[in-house]
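Report on one structure; see the data block that follows.
In my numbering, the protein residues as written are 227 to 320.
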């Protein structure tokens, strides 16, 4: 399932998001995950380098760190998969 987003939102596991940051930066809050949950993001307008996408770690780590993931690469497309509370959400492709 793919959805289009152009403002801040809370992501849902097993969903994919076309993200348009033409007008503003977008913040995404990650859900609490269970092992194997996946979420994907795609820069549909080629503007992450102008208005970035920030993945907020919330209650689950990202790549083992309690820190946000800022994506500022034009045309970036990537996925996250949840492993456990120690590692949290891990990048599956860049």
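By construction, the Cβ of each residue, glycine as well, lies at the ideal position given by its N, Cα and C atoms.
Considering only their Cβ atoms, is the gap separating residue j from residue i smaller than 8 Å?
| i | j | result |
| --- | --- | --- |
| residue 294 | residue 308 | no |
| residue 317 | residue 289 | yes |
| residue 233 | residue 254 | no |
| residue 266 | residue 250 | no |
Considering only residues of the same chain and omitting the five flanking positions on each side of residue i, which have a CB-CB separation below 7 Å?
| i | result |
| --- | --- |
| residue 260 | 308 |
| residue 258 | 285 and 286 |
| residue 272 | 300 and 301 |
Going by DSSP in three states, residue i sits in which element: helix, strand or coil?
| i | result |
| --- | --- |
| residue 272 | coil |
Go to residue i, then tell me how far its beta strand (DSSP E) extends in each direction, as first and last residue.
| i | result |
| --- | --- |
| residue 296 | 295-297 |
| residue 318 | 315-319 |
| residue 259 | It is not in any beta strand (DSSP E) - residue 259 carries neither H nor E in the DSSP assignment. |
Taking 6 Å as the limit between beta carbons, can you name the residues of its chain near residue i, skipping five residues before and five after?
| i | result |
| --- | --- |
| residue 298 | 274, 275 and 278 |
| residue 263 | 239 and 308 |
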